[in-house]
Amino acid sequence: MNYLKNFRSFYGLLAIALVLSLGACKDDKNDDDALSLTVSETAAAVRANTVTVNITGVAEAGVRTLTATPDGAIAEELAVTAGNNDIQTTYTYIIPANAKLSDTYSITFELTDQASQTISASTTISVEPLLAAAPDTYSFERDGSTTVSYSGQNERLDMVGAIKTYLGQGDKKEITISAATLNAAYANTGDNGNGFFDFTSTKQLKDKTFAPDLDNNFMENLFAGAEAVSQSGVDAANGTAGFIERENSGNTIMVDENGREFTQLIEKGLMGTVMYNQIYNTYFSDDRTGDEVENTELREGKNYTDMEHHWDEAFGYFNPPLDFSSDWPEAREDEDRYWSHYSNVVDPFIKSNDDIMNAFLAGRTAIVNNDLAGKNTQRAILFEKLELVAAATSIHYINETLANLNEGKIGEAFHTLSEAWAFVNALTYSPNRRITLDQIDTIKETDFGANGNFWNVTAADLNRAKTTLVSIFTELEGVKDQL
Amino acid sequence: MKYSLLALLVCFLISCDSETKDPENPDKTVDLAELRQEIATHLTNDLILPAFEELNQKSLSLSQAAISFKNDMNEDNLAELSTKHQDLWICWQRTSLYYFGPTVNNALRASLNTYPTDEEKIENNIATGSYQLGSLENQDAEGLPALDYLLNDMDEIEPLSDFSAARLNYITVLASAIQNHIATTNDAWNNGEFTQTFSGTNATGTDVGSALGLIVNGIDLHFQRFVRDGKVAIPAGLRSAGVPRPQSVEVPYGKYSTRLLKTALVAYQDYFNGKSFTRNDGPSLLAYLRQIEQADLADRIDNHFTILLDKVEQLDPSIIDQIETDNEALIDVFLSMQDLVAIFKSDMASVMGISITNLDNDGD
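Heads up: the sequence lines are chains A and B, in that order.
The opening residue of the first sequence carries number 0 in numbering that gives the first Met the number 0; numbering runs sequentially from there.
The opening residue of the second sequence carries number 0 in numbering that gives the first Met the number 0; numbering runs sequentially from there.
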């Protein structure tokens, strides 16, 4: 919000600068007959709107012509009554619809008298923001109708939810998991996952998956592993995939031969390889929200520009309630989903809800204002803060695993370490990641148990992972044990 | 976390009255935040750090005794090793109750005292020589209970020649691992940042991360799970439909399980009273209760420990033998512990404005 206040003071300064620059400068060659020209300090207007410049002048020798020359355009003659001594008229200028907030337009006026003396004055016109401040909630309108739409993101999140529910039934041995069913859901075969979803959608998760993960069959391999455990029904052991009991609830979960829980790796894996991947590598790429992306013309048949819509789709993958904020009331905790849910988990320690929500709001406001620098600033903040949520959540689950290790709860430890694994994995997807791929790999494959095996994990291993994360995400240092 | 608002509210309510009259001397007001600071400082400097230092010394003795026995395998050295092992286990009872900060971060309890130990896994580790100590997998094949099996199971160790080189090696590796775990944790308590903030910036408040919050939550979790359930309820069969599980007692072969239980309870009573080597009644939880005009509650807790200890005093030195002769006496001890939990969990924590955050998390 602060930067919006800065906008206002920026405009104040601009107005002063404008006044200072309006002084007329009279040509010096002949001052036999007095000649003066003053143009108004007409401030600014919103893009595509009209600015009116007031012009007054005195020509003792009588006026001959008055011209206006906008930057880079040809001179335009304004209507004056030749021979008059007093000039009083106006000039209107339409700010281009594609004007950026930072753009300024200079117009030079030139008055010529009957004695061929000339005098000129100029006006600098600046662009006003359409929205002076970001709204409190994520709601933006044009001509009375909303411009926000991210139904495709909602549908994909619903698909992840249905997959999670299915896997959960397999965990409890209520059903036998089928990899074919999961693959159909993942690719959304026949627009309803081959009957898997109780809704139809033209969207799918698979084609939004991070390309290297697709290459390596990240999801498909997990589906196959879950099916194998579900069909075998065996108990898990070191080196044997199977079922293990979670001590707190007595419910079983399916884990692979290294103790990794399929349900968590799939659900939280999709949060990384689809949701964060799409925010970072699709919607926050310059292809979608770069300065060259269309932000003037509306998309055909829609009430939004391309840039607005792409920003909203990124927001859709964070998927918070529209009025999300820090210190979110417990009574409304079921309104946040996936990443916004985990932001809320770590919010008491890093106030991530406010940081992320304010950046989405300010960035979207900047797009409405065609304030490209402002949009870029907020996009950079979001790269940083979304990544921080993944890092803080990783530490949160490392701490939970330490607690489970202390209590000798192996099933619970595997569950929380699987979550930690997936959140560390989610750090992979940002092109601006602060952590290196090698560091991510070391945490996942060594610090979370030698040889990538959770059965080997020690407190010293987990503390080493924490130390690595905190050495990179230094803002978590003070809360690393509370998270 | 969900309770932080509640904690804040309670904290606020208490802080409205953060200066109370000293009951002993009504003219004098006492700053509760300052008292909380004194409690954290006293417990750290006079109870926790000395306990860990003693633990560290005893673990060094154990490690040395293990090496002596390995180098010179005779009855005396075995007896000496067994004694050092018992000394350390007893000392652990006076240390394990400080269940927060470095103790938890280093999972010291899991490495030192996971029982019942898995004898089959131990034999397998000895046979293969391939294992990772400190891991989830091997928690029940290392630490003090594993050494109990290796040193005190007389069926297994007659004659001395039964100690193969691999077996001797495993014993020294376990002793050395115990020493390493303790040294790491002791070092973290002495030199890490936790201790500074615990008795420093985090000492005055009552919220979740405050010293008082950690102490009360640590007691809540540790006492219930590892003292009440681990030492008594599980062996007595109270967690298995009334069918006793004598082999799950803390020291099945050494047969001094009652002594361990008693030592743990005395340590708890001292903890509540702030009793250290140098002071009988330092700044403590019970002193705090008295300060907020809850002297009755403080007395009730202190007296309850005395009653409980009297009951424990009556038990057979070996809880296995007690279960066989009269399990009801053990169940009676459990019930008395249960009453104590109710007193400090609901009564004490609520008047202190501390929220208990140890909920079994069965979320997604």
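The C-beta atom is built at its ideal place from N, Cα and C for all residues, glycine as well.
Practice task
Could you check if G268 of chain A is buried or exposed, using at least 16 other CB atoms within 10 Å of its CB as the buried criterion?
Solution key: Counting from 1 along the first sequence, the entry for residue 268 of chain A is found at position 269. Under this definition G268 of chain A is a buried residue.
Exercise for the section: Return the CA-CA distance between P144 of chain B and Y267 of chain B, expressed in angstroms with no decimal places. Expected result: For this step, residue 144 of chain B is matched to residue 145 along the second sequence. For this step, residue 267 of chain B is matched to residue 268 along the second sequence. Taking the straight line from one Cα to the other gives about 22 Å.
Practice task
Taking R491 of chain A and T288 of chain A to be in contact with their CB atoms under 8 Å, please state how far apart those CB atoms are, rounded to whole angstroms.
Solution key: Any property of residue 491 of chain A remains undetermined from this structure, which presents chain A solely from 0 to 482.
Handout entry: Within the stretch 227-292 of chain A, ranges of the alpha helix (DSSP H) (whole runs, at least 4 residues)
Key = 261-269, 285-288
Problem - Where I118 of chain A sits in the DSSP three-state scheme - result: By 1-based counting over the first sequence, the position of residue 118 of chain A is 119. In this structure, DSSP gives I118 of chain A an extended state, which the three-state scheme calls strand.
Handout entry: Contact with chain B by E406 of chain A, beta-carbon distance below 9 Å
Key = Start at 1 with the first residue of the first sequence, and residue 406 of chain A comes out as number 407. At least one chain B Cβ lies under 9 Å of E406 of chain A.
Problem - Helix, strand or coil at S339 of chain A according to DSSP, with G and I counted as helix - result: Locating residue 339 of chain A in the first sequence gives position 340, counting from the first residue. Helix at S339 of chain A.
Practice task
Report yes or no: is there a C-beta of chain A within less than 9 Å of the C-beta of F343 of chain B?
Solution key: Walking along the second sequence from the start, residue 343 of chain B turns up at place 344. No, because no Cβ of chain A sits closer than 9 Å to the Cβ of F343 of chain B.
Practice task
Count the other C-beta atoms from every protein chain shown that fall within 10 angstroms of the C-beta of V388 of chain A, then say buried if there are 16 or more, exposed otherwise.
Solution key: In the first sequence, the residue the question calls residue 388 of chain A occupies position 389. Counting C-beta atoms within 10 angstroms of its own C-beta, V388 of chain A has 16 or more neighbours from the protein chains shown and is therefore classed as buried.
Practice task
Have a look at A:G477, A:E444, A:G194, A:E75 and flag the residue whose alpha-carbon is nearest the alpha-carbon of A183 of chain A.
Solution key: In the first sequence, residue 183 of chain A corresponds to position 184, counting from 1. The shortest Cα separation from A183 of chain A among A:G477, A:E444, A:G194, A:E75 belongs to A:G194.
Handout entry: Contact with chain B by L485 of chain A, beta-carbon distance below 9 Å
Key = Outside the displayed span of chain A (0 to 482) sits residue 485 of chain A, for which this structure offers no information.
Exercise for the section: With 9 Å as the threshold, decide whether the Cβ of E118 of chain B is near any Cβ in chain A. Expected result: Taking the second sequence and counting its residues from 1, the one referred to as residue 118 of chain B is at position 119. E118 of chain B has a beta carbon lying at 9 Å or more from every beta carbon in chain A.
Handout entry: Host alpha helix (DSSP H) of V423 of chain A (start-end)
Key = For the purposes of this step, residue 423 of chain A is taken as residue 424 along the first sequence, with counting starting at 1. Where V423 of chain A is concerned, the enclosing alpha helix (DSSP H) stretches over 409-424.
Handout entry: Contained alpha helix (DSSP H) runs [length at least 4] in the stretch 107-158 of chain B, N- to C-terminal order
Key = 107-111, 118-127, 142-151
Exercise for the section: Within 10 angstroms of the Cβ of V50 of chain A, are there 16 or more other Cβ atoms? Answer buried if so, exposed if not. Expected result: Position 51 of the first sequence, counting from 1, holds the residue named residue 50 of chain A. That one is buried.
Exercise for the section: Decide if the stretch 289-302 of chain B is in contact with the stretch 253-266 of chain B; the criterion is three or more beta carbon pairs, one per stretch, under 8 Å apart. Expected result: The stretch 289-302 of chain B vs the stretch 253-266 of chain B: no contact.
Practice task
Verify the CB distance criterion: does G100 of chain B have a CB-CB separation below 9 Å to chain A?
Solution key: To locate residue 100 of chain B, count along the second sequence from 1; it is residue 101. By this cut-off, G100 of chain B is an interface position.
Practice task
Just mark M72 of chain B as buried or exposed, buried being the case when its beta carbon has 16 or more other beta carbons within 10 Å.
Solution key: By 1-based counting over the second sequence, the position of residue 72 of chain B is 73. Exposed: under 16 other Cβ atoms inside 10 Å.
Exercise for the section: Using the DSSP secondary-structure output, state which residues sit across from R141 of chain A in a beta bridge. Expected result: Your numbering for residue 141 of chain A matches position 142 in the first sequence. Its beta-bridge partners are A:S144.
Practice task
Check distances from the C-beta atoms of the stretch 350-361 of chain A to those of chain B and list, in chain order, the residues that come in under 8 Å.
Solution key: none
Practice task
Just mark G229 of chain B as buried or exposed, buried being the case when its beta carbon has 16 or more other beta carbons within 10 Å.
Solution key: Sequence index remark: in the second sequence, residue 229 of chain B carries index 230 (1-based). The residue is buried, with at least 16 neighbouring Cβ atoms inside 10 Å.
Exercise for the section: Taking Y90 of chain A as the reference, give the member of A:N97, A:T66, A:K99 with the closest Cα. Expected result: Residue 90 of chain A sits at position 91 when you count from the first residue of the first sequence. Selected option, being the one with the closest Cα: A:T66.
Practice task
Would you please verify whether the beta carbon of S354 of chain B is less than 9 Å from any beta carbon of chain A?
Solution key: As a working mapping, residue 354 of chain B is identified with position 355 in the second sequence. No, S354 of chain B does not count as interfacial toward chain A.
Problem - Proximal residues of chain B, C-beta to C-beta of D170 of chain A below 9 Å - result: Indexing the first sequence from 1 puts residue 170 of chain A at position 171. Correct list: empty, because the minimum Cβ distance to chain B is about 11 Å.
Exercise for the section: Go through its chain and collect everything with a Cβ distance to Q36 of chain B's Cβ below 7 Å, but skip five positions before and after it. Expected result: Locating residue 36 of chain B in the second sequence gives position 37, counting from the first residue. Around Q36 of chain B: A202, T203.
Handout entry: I54 of chain A - partner residues in DSSP beta bridges
Key = Taking the first residue of the first sequence as 1, we reach residue 54 of chain A at position 55. Answer by DSSP bridge pairing, in chain order: A:V38, A:T88.
Exercise for the section: Pull up the distance between the alpha-carbon of A14 of chain A and that of A114 of chain A, whole angstroms please. Expected result: Looking up residue 14 of chain A in the first sequence gives position 15. Looking up residue 114 of chain A in the first sequence gives position 115. Any reading at A14 of chain A needs caution, since the residue's pLDDT is 43, under 50, leaving its predicted position unreliable; the model's value is listed next. Rounded to whole angstroms, A14 of chain A to A114 of chain A spans 35 Å at the Cα level.
Practice task
Would you mind reading off the limits of the alpha helix (DSSP H) that contains S351 of chain A?
Solution key: Against the first sequence, residue 351 of chain A aligns to sequence position 352. Run containing S351 of chain A: 351-367, per the alpha helix (DSSP H) assignment.
Problem - Selection from A:E411, A:A358, A:I471 that minimises the alpha carbon distance to A390 of chain A - result: On the first sequence, residue 390 of chain A is found 391 positions in, with the first residue counted as 1. The option with the nearest alpha carbon to A390 of chain A is A:I471.
Exercise for the section: Would you mind reading off the limits of the alpha helix (DSSP H) that contains P101 of chain B? Expected result: Against the second sequence, residue 101 of chain B aligns to sequence position 102. From DSSP, the alpha helix (DSSP H) with P101 of chain B extends over 101-104.
Exercise for the section: Within 10 angstroms of the Cβ of N318 of chain A, are there 16 or more other Cβ atoms? Answer buried if so, exposed if not. Expected result: Numbered from its first residue, the first sequence carries residue 318 of chain A at position 319. Buried: at least 16 other Cβ atoms inside 10 Å.
Handout entry: Rounded separation between L308 of chain B and F162 of chain B - CA only
Key = Position 309 of the second sequence, counted from the start, is the residue given in the question as residue 308 of chain B. Position 163 of the second sequence, counted from the start, is the residue given in the question as residue 162 of chain B. Whole-angstrom Cα-Cα distance: 39 Å.
Problem - Contact set between N237 of chain A and chain B, taken where Cβ atoms lie within less than 8 Å - result: Walking along the first sequence from the start, residue 237 of chain A turns up at place 238. Here the neighbours are E136.
Problem - Candidates A:D102, A:T123, A:R63, of which the one nearest N53 of chain A by Cα - result: Numbered from its first residue, the first sequence carries residue 53 of chain A at position 54. Answer by Cα proximity: A:T123.
Practice task
Within its chain, find whatever has a CB closer than 6 Å to the CB of G160 of chain A; leave out the 5 residues flanking it on each side and keep chain order.
Solution key: In the first sequence, counting from the first residue as 1, residue 160 of chain A sits at position 161. Around G160 of chain A: no qualifying Cβ.
Handout entry: Cβ of V469 of chain A within 9 Å of any chain B Cβ
Key = By one-based count along the first sequence, residue 469 of chain A stands at place 470. Taking Cβ atoms only, chain B never reaches closer than 9 Å to V469 of chain A, which makes this a no.
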